[in-house]
Amino acid sequence: MNARAMGHDARTGLRFFVEALGAILVLAAVTFVARHVRLAPGTPLGTLVQLLPVPAVWLLLLVMLRHYLRIDELQRLQFLQSIALTAGILVGVAWSWPAFHRAFGWSLSDNGMWEVSFSVVFVVISALLTKIRTIPRAR
Amino acid sequence: MKNLLKELRAAREMTQADLAERLGVSRQTVIAIETGRYDPSLPLAFAIARLFGKPIEEIFTANA
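The listed protein sequences correspond, in order, to chains A and B. In short: position in the first sequence from 1, add 915, done, that's this note's numbering. In short: position in the second sequence from 1, add 402, done, that's this note's numbering.
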């Protein structure tokens, strides 16, 4: 089946999947190299190796942007609503966390806490928005 | 807004997937418009009107 014979959803989904998979593999590879290749810090080559993940992260963002430009208007709306709500929820968590810290002594882990939280909240909100299509207006 | 998209599509024996492909949108968007859960943008509404050969106001009407 060629790309033209596929529906809009399958076509955009497949392109995103292929591009995202490629970008994630590149990111994983350069992150592995940056963490495991031991070069003297401060040398040009050492600095270059440490900076390898930076373009890979931006490549992932580029993949997201390309996907955004391919999806239709309702999907864009849902995507933007999901990002906005996720960011809002996490800002709320960040701002209220000091109170939890003072009250219960909870402390945040630096180990990918925000990335994982963003991903989880984003997926949940996206799923909810897909079910109800868009956030309905208040009556 | 209410719309006649489902009736117009059925009259032409088109599936939701056919219509989505003709409009260049996802099937979910066609479903959302047909069920009134999403009001399309003006460009998409014009594309729908053009496809069915009818004026926009004949396809989309205000709820009130």
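For each residue, glycine too, the CB sits at the ideal point set by N, CA and C.
For residue i, which of helix, strand or coil comes out of DSSP?
| i | result |
| --- | --- |
| residue 463 of chain B | strand |
| residue 404 of chain B | strand |
| residue 452 of chain B | helix |
| residue 979 of chain A | helix |
| residue 997 of chain A | helix |
| residue 1034 of chain A | helix |
| residue 1022 of chain A | coil |
Where does the unbroken alpha helix (DSSP H) through residue i begin, and where does it stop?
| i | result |
| --- | --- |
| residue 986 of chain A | From DSSP, residue 986 of chain A is part of no alpha helix (DSSP H); its letter is neither H nor E. |
| residue 423 of chain B | 418–425 |
| residue 937 of chain A | 923–951 |
| residue 966 of chain A | 959–966 |
| residue 434 of chain B | 429–436 |
Could you say which of the options lies nearest to residue i if we only look at CA atoms?
| i | options | result |
| --- | --- | --- |
| residue 992 of chain A | B:463, B:454, B:440 | B:440 |
| residue 964 of chain A | A:981, A:979, A:946 | A:946 |
| residue 948 of chain A | A:934, A:985, A:932, A:969 | A:969 |
| residue 1030 of chain A | A:1013, A:1019, A:1009 | A:1009 |
| residue 989 of chain A | B:463, B:426, B:452, B:406 | B:426 |
| residue 1041 of chain A | A:1001, A:960, A:940 | A:1001 |
| residue 431 of chain B | A:1015, A:923, A:1012 | A:923 |
| residue 931 of chain A | A:956, A:1004, A:958, A:981 | A:981 |
Run through chain A and tell me which residues come within less than 8 Å of residue i, C-beta to C-beta.
| i | result |
| --- | --- |
| residue 412 of chain B | What residue 412 of chain B touches in chain A: nothing, since even the nearest Cβ is about 19 Å away. |
Name, please, each residue of chain A whose Cβ falls closer than 7 Å to the Cβ of residue i.
| i | result |
| --- | --- |
| residue 429 of chain B | 922, 924 |
| residue 446 of chain B | 988 |
| residue 419 of chain B | 922 |
Residue i touches chain B at which residues, Cβ-Cβ below 8 Å?
| i | result |
| --- | --- |
| residue 990 of chain A | 428, 430, 431 |
Going along chain A in order, which residues have a C-beta closer than 9 Å to the C-beta of residue i?
| i | result |
| --- | --- |
| residue 422 of chain B | 922, 923, 924, 987 |
Practice task
Please confirm if the region 1018–1032 of chain A is in contact with the region 408–417 of chain B, defined as three or more CB-CB distances below 8 Å between the two stretches.
Solution key: The region 1018–1032 of chain A, when compared against the region 408–417 of chain B, does not touch it at the 8 Å Cβ threshold.
Practice task
Check whether the region 993–1000 of chain A touches the region 1035–1043 of chain A, counting contact only when three or more Cβ pairs, one atom from each stretch, lie closer than 8 Å.
Solution key: Because the criterion of three Cβ pairs below 8 Å is met, the region 993–1000 of chain A and the region 1035–1043 of chain A touch.
Exercise for the section: Spell out a yes or no on whether the region 427–436 of chain B and the region 969–978 of chain A are touching, meaning 3 or more CB-CB pairs, one atom from each, closer than 8 Å. Expected result: Contact between the region 427–436 of chain B and the region 969–978 of chain A is absent, because fewer than three Cβ pairs lie under 8 Å.
Exercise for the section: Assess, as a yes-or-no matter, whether the region 447–457 of chain B is touched by the region 932–945 of chain A under the definition of 3 or more beta carbon pairs within less than 8 Å. Expected result: No, they do not touch.
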